[in-house]
Structure formats: structure tokens, C-alpha cells
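Student: Before we start, here is the structure in question, set down as C-alpha cells.
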Amino acid sequence: MAQACAEPGVRQAQVAARFSVSIAFIGKLLRRQRQTGQLAALPGRGGPARCLDAAAQAWLGEQVVAQPDATLAELQTLLLVERGQVVSRGSVWRVLHEQGWRRKKKPARH
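Numbering (this note's numbering), first residue to last: 61 to 170.
Have a look at this one:
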């Protein structure tokens, strides 16, 4: 895209239409090239910090081993009562899912 913009007589709008991108994207790309000399993408920003540290995640896994029938709501309450950490059920599920736990399914009826 930068080479297309460098061609004589070519406007940013023409380059944007040619590559099916917005004019603003072309402008940002050229600005990045002027400021840094590169067209590489900017590094990721990382996102928000985890609400449960590694120790709390390990503790949560131990609780599931000790109480395999515990629901997410019960585990959430245990985190609050025993560790003083307020987290959502979604956070509890994400930690368990990352540790390899799966949803408990109802047993088949015979």
C-alpha cells in the first residue's frame, strides 16, 4: 500500500479504494511509516489484568478436585468466603476451562 501511495499522481482515496480499506487507514499507515520508518503492526496492548492470580487459580482447581459436584455459584461463594475475592461466575468458568475442566453433563437415563 505504501508503494501504491508513493506512485506519482496517486491519491490516498484511490489507494483506499484499490485495497478496499478506509482512507483513514491509509492515512494512519503513512503516518506510522513517517514516524517509525516501518509499516509493521503496532504491538498488542495486553488487555486488563487477570482477576485471579496463579495461587487463586491453583486453589480453585484444588477445590474442584475436593468437591467435584460443586457448581460455579458455589465455587464463586467459596472464593469470596475463604479468600475474600469477588469474581464473576464467568471468571470462575474461564479458569476451570483453562485448567481442562469441562461442563458436567447429566447422566444418561436408562
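Glycine included, every Cβ here is placed at the ideal spot set by N, Cα and C. Quantities reported herein were computed from a predicted structural model and do not represent experimental measurements.
Under a Cβ-count criterion, where at least 16 other Cβ atoms within 10 Å of its own Cβ denotes burial, should VAL155 be classed as buried or exposed?
Tutor: It is buried - the Cβ of VAL155 has at least 16 other Cβ atoms within 10 Å.
Student: Would you tell me roughly how many angstroms separate the C-alpha atoms of VAL75 and ARG91, rounded to the nearest one?
Tutor: Straight-line Cα distance between these residues: approximately 15 Å.
Student: Using the Cα positions of CYS65 and GLY107, report the straight-line distance between them to the nearest angstrom.
Tutor: About 33 Å.
Student: Where does SER151 fall in DSSP's three states?
Tutor: Here SER151 sits in helix by DSSP.
Student: Can you tell which of ARG71, ARG110 and ARG94 has its C-alpha closest to the C-alpha of ILE83?
Tutor: It is ARG71.
Student: My output table needs one value for ALA114: the three-state DSSP class, helix, strand or coil.
Tutor: ALA114: helix per DSSP, three-state reduction.
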